[in-house]
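Asks: Below is the structure I would like to discuss, written out as structure tokens.
Here it is, written out as structure tokens:
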């Protein structure tokens, strides 16, 4: 069939359309999220790095031609009450884009009771935790009791040195904070995000390499046909 073709531009265009079509209609990189029944409110409080209630004020998703359900979404909350791990009036965490990758699908403008894992400054939310819309968190709010209102974080100069007579507690090995939060609830979302992004990039570059190979083959084939026709 290639020997009958005389227009390489048409062949290249067809090959490009095929490859781009595969990239567009390819199955989404997704993961089935499997969660065990979460612990009760008090047990979840102990296991989490941070527990707070607040309103979603902004969400920032990954921008690009190729995305996956595991891509991280950065969510910023205006804190209403805190039970653990949050002192300021605003906190930012990440979660996977979709529940298929164990991400919690927050909505901007809505309020939630959030059980977050991870370390300080790198909090993560997961579908596998007790995170829930605040309107449906009656059982948890009753079990947790009254939280504390947010306060303005102290300046570095004011908090650089501990008061005299107060011994600074040692930092535990392994990066765990004083609150003992392990962040187990957020691990599925983080793993899914990393795996999803890597798989998507591999798929795109494989398509580009295939397209380049097709173009090279067509060009050499066309030149060979032209040389034969001149003889």
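Numbering (the UniProt record's numbering), first residue to last: 1 to 231. The beta carbon of each residue, even a glycine, is placed where N, CA and C say it ideally should be. Because the structure is a prediction, the values reported are computed rather than measured.
1) For residue 77, which residues of its own chain have a beta-carbon under 8 Å away from its beta-carbon, when the five flanking residues on both sides are left out?
2) With distances taken from CA atoms, which of 119, 72, 87 is nearest residue 103?
3) State the beta-bridge partners of residue 261 as determined by DSSP.
4) Can you look up residue 135 in the DSSP assignment and give me helix, strand or coil?
5) State the Cα-Cα distance for the pair residue 97 and residue 229, rounded to the nearest angstrom.
6) If we ignore side chains and look at the alpha-carbon of each, how far apart do residue 133 and residue 110 end up?
7) Flag this pair as yes or no: are the beta carbons of residue 38 and residue 143 separated by less than 9 Å?
8) Quick check: the Cα distance between residue 223 and residue 208, rounded to an integer number of angstroms?
9) What is the rounded straight-line gap between the Cα of residue 240 and the Cα of residue 212?
10) Would you kindly work out how many angstroms separate the C-alpha atoms of residue 141 and residue 33, rounded to a whole number?
11) In three-state terms, what does DSSP make of residue 40?
12) Classify residue 60 as helix, strand or coil using the three-state DSSP reduction.
13) How would you write the range of the beta strand (DSSP E) that residue 111 sits in, first residue to last?
14) Distance check for residue 43 and residue 135, CA to CA, integer angstroms please.
15) Based on the DSSP output, what are the partners of residue 88 in its beta bridges?
16) Which term fits residue 138, buried or exposed, when burial requires 16 or more other beta carbons within 10 angstroms of its beta carbon?
17) If you count every other CB in all the chains shown that lies within 10 Å of the CB of residue 75, and 16 or more means buried, which is it?
18) Can you tell me whether residue 107 is buried or exposed? The criterion is at least 16 other CB atoms within 10 Å of its CB, across all chains shown.
Replies: Based on what the coordinates show:
1) As a working mapping, residue 77 is identified with position 77 in the chain shown. The residues are 52, 54, 55, 56, 57, 90, 91, 92, 93, 112, 114.
2) To locate residue 103, count along the chain shown from 1; it is residue 103. Selected option, being the one with the closest Cα: 72.
3) This structure cannot speak to residue 261, because the chain is shown only from 1 to 231.
4) For the purposes of this step, residue 135 is taken as residue 135 along the chain shown, with counting starting at 1. The answer is helix: DSSP assigns residue 135 an H, G or I state.
5) As a position in the chain shown, residue 97 is number 97, starting the count at 1. As a position in the chain shown, residue 229 is number 229, starting the count at 1. Going by C-alpha positions, residue 97 is about 56 Å away from residue 229.
6) Stepping through the chain shown from its first residue, residue 133 is reached at position 133. Stepping through the chain shown from its first residue, residue 110 is reached at position 110. The alpha-carbon of residue 133 is positioned some 8 Å away from that of residue 110.
7) Here residue 38 refers to the residue found at position 38 of the chain shown. Here residue 143 refers to the residue found at position 143 of the chain shown. Residue 38 places its beta carbon 9 Å or farther from that of residue 143.
8) As a working note, residue 223 is residue 223 in the chain shown. As a working note, residue 208 is residue 208 in the chain shown. Here the alpha carbons of residue 208 and residue 223 stand approximately 23 Å from one another.
9) The chain is shown only over 1 to 231; residue 240 falls outside these bounds and no answer can be derived.
10) In the chain shown, residue 141 corresponds to position 141, counting from 1. In the chain shown, residue 33 corresponds to position 33, counting from 1. When rounded, the separation of the alpha-carbon atoms in residue 141 and residue 33 is 26 Å.
11) The sequence position of residue 40 within the chain shown is 40, counting from 1. It is coil, neither helix nor strand.
12) Reading the chain shown from its first residue, position 60 is the one you call residue 60. Residue 60: strand per DSSP, three-state reduction.
13) Start at 1 with the first residue of the chain shown, and residue 111 comes out as number 111. For residue 111, the enclosing beta strand (DSSP E) has its first and last residue at 111–119.
14) The residue you call residue 135 lines up with position 135 of the chain shown. The residue you call residue 43 lines up with position 43 of the chain shown. If I take the Cα positions, the gap works out to 21 Å.
15) By one-based count along the chain shown, residue 88 stands at place 88. Per DSSP, none; premise fails for residue 88.
16) Translated into positions along the chain shown, residue 138 becomes position 138. In this structure residue 138 is exposed. Its beta-carbon is surrounded by fewer than 16 other beta-carbon atoms within 10 angstroms.
17) Mapped onto the chain shown, residue 75 falls at position 75. Flag for residue 75 reads buried.
18) The residue labelled residue 107 in the question sits at position 107 within the chain shown. Residue 107 should be labelled exposed.
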